[in-house]
Amino acid sequence: KSKKSAKSATKEIKRAGVLGAGIMGGGIAYQSAVKGVPVVMKDIKQDALDLGLNEAAKILGKGVERGKVKPAKVAETLNNIVPTLHNNELENVDIIVEAVVENPKVKGAVLAEIEGVVAKDAIITSNTSTISIDRLAENLKDPSRFCGMHFFNPVHKMPLVEVIRGKHTSDETVAAVVAYALKMGKTPIVVNDCPGFLVNRVLFPYFAGFSKLLDDGVNFPQIDKVMEKQFGWPMGPAYLSDVVGIDTSDHATHVMAEGFPSRMPRDENGAIAQLAAAERYGQKNGKGFYEYS
Ligand code: NAD
10 KSKKSAKSAT KEIKRAGVLG AGIMGGGIAY QSAVKGVPVV MKDIKQDALD LGLNEAAKIL
70 GKGVERGKVK PAKVAETLNN IVPTLHNNEL ENVDIIVEAV VENPKVKGAV LAEIEGVVAK
130 DAIITSNTST ISIDRLAENL KDPSRFCGMH FFNPVHKMPL VEVIRGKHTS DETVAAVVAY
190 ALKMGKTPIV VNDCPGFLVN RVLFPYFAGF SKLLDDGVNF PQIDKVMEKQ FGWPMGPAYL
250 SDVVGIDTSD HATHVMAEGF PSRMPRDENG AIAQLAAAER YGQKNGKGFY EYS
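If you read the sequence shown in my numbering, its first letter stands for residue 10, the second for the next number, and so on.
Below, the structure is given as structure tokens:
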């Protein structure tokens, strides 16, 4: 009698689906497309789909200018991104990367809905920055096919992808997501689940320190200048918040405060909360800590 191998082959991702065409969804779709894995990019707004595609075209344009991208690659990559407003176009994907707003309720509803659309063996992942994977998994009938796939901004430049294993995530799911991240030219690390995972558990106390300095009256351009010019980081905390999105940062502080109430409490009167209330969302709407034209 021949025994079935204990190790089944890793599921190959040949076609992906991205939910949300914002800063991250657009970037993830581009990165998948440029590495030859076609992707269906879904949003609820046509404007967001247009922006996502424009962003991909811009990155490719710059690549051509610098001689890093062959002109023929431009059309090939753009053809690999299929924008849509409809879930039914996601029926045949091997993996979903959910990248909608950082709100547990919205994500929960979106994940539950998509599980009913994709094939039984499709993998479902979330690009959440902070929300526990086990918490999101409660919305799924089959949490074994679910894990975190956390990219960093800007996706085409940042090498790291955190692959977050929930308590129900299967080994096959982790293996397939790691393989897909590698195919995308990224460096995956597998981490355990908790709010903020690894990177944001390090970053949020840094942002809390920045917020305290502002309370003490230090001005933000000064802080950015010190962190960038003298300390040598690519950008300081105020500019980074504008790049990430003030709304996204604000949502994330709620999640982190819920997870770590004593270590990372939310500052209701802090700069991020105030900017969010004033609808200064950062680069995405032209004004945050700084103004952009
Ligand atoms: P964003 O605001 O730029 O984009 C969110 C998009 O989701 C919007 O285009 C919106 O129309 C769309 N959307 C909302 N509801 C939807 C639905 N039901 N179906 C499909 N699309 C829907 O936000 P972002 O910065 O791209 O963040 C997306 C996710 O990625 C969040 O979970 C965030 O925490 C995470 N993340 C963000 C960053 C960052 O630096 N911005 C980094 C890593 C992870």
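Ideal placement from N, C-alpha and C gives every residue a C-beta, glycine not left out.
Distance between Val115 and Val109, taken at the CA atoms: about 8 Å. For Thr93, the three-state secondary structure derived from DSSP is strand. For Gly26, the enclosing beta strand (DSSP E) begins and ends at Ala25 to Leu28. A direct Cα-to-Cα measurement between Gln292 and Gly254 gives close to 7 Å. Between the segment 187 to 204 and the segment 257 to 269, the count of C-beta pairs closer than 8 Å reaches three or more; the two stretches touch.
By the neighbour-count criterion, in which a residue is buried when 16 or more other Cβ atoms sit within 10 angstroms of its Cβ, Arg75 is exposed. When Ser153, Asp256, Tyr189 and His165 are compared, the shortest CA-CA separation from His177 is found for Ser153.
Taking the C-beta atoms as reference points, Tyr215 is found no nearer than 7 Å to Asp251. Remark: C-beta atoms of Ala30 and Ala57 approach each other more closely than 7 Å.
Gly226 and Gly279 have their C-alpha atoms roughly 12 Å apart. Ile140 places its beta carbon less than 7 Å from that of Pro113. Annotation for Asp233: Met244, Gly245, Pro246, Ala247 and Tyr248 place their beta carbon closer than 8 Å to its own, counting only its chain and skipping 5 residues before and after.
Distances from the CB of Gly254 to the heavy atoms of the ligand NAD include at least one below 6 Å.
Closer than 6 Å to some heavy atom of the ligand NAD: that does not describe the Cβ of Thr196. Nearest neighbour of Leu223 by Cα position, chosen from Val199, Asp276, His263 and Gly194, turns out to be Asp276. The beta carbon of Gly157 sits closer than 6 Å to those of Ser135, Ile142 and Ile173, all from its chain and outside the five residues before and after it, given in chain order.
Between Asn148 and the set Phe161, Gly35 and Ala118, the nearest pair of CA atoms involves Ala118. In the DSSP annotation of this structure, Phe213 is not part of any beta strand (DSSP E); the continuous alpha helix (DSSP H) holding it starts and ends at Val208 to Asp224.
No heavy atom of the ligand NAD is found nearer than 6 Å to the CB of Asp251. With respect to Arg24, Val102 sits close: the two C-beta atoms are nearer than 7 Å.
Residue pairing of Arg174 in beta bridges, as defined by DSSP: Asn201. In this structure, the C-beta of Asp180 stays at least 6 Å away from each heavy atom of the ligand NAD. By the beta-carbon neighbour count (other beta carbons within 10 angstroms, threshold 16), His165 is buried. With fewer than 16 other CB atoms across the displayed protein chains lying within 10 angstroms of its CB, Thr196 is exposed. Looking at the backbone, the Cα of Ile22 and that of Ile37 are separated by about 14 Å.
In the structure shown, Met193 falls within a coil segment according to DSSP collapsed to helix, strand and coil.
Glu107 is bridged by DSSP to Leu28 and Ser135. Distance between Asn96 and Ala131, taken at the CA atoms: about 14 Å. The shortest CA-to-CA distance from Lys44 to any of Asp259, His159, Asn88 and Glu181 is the one to Asn88.
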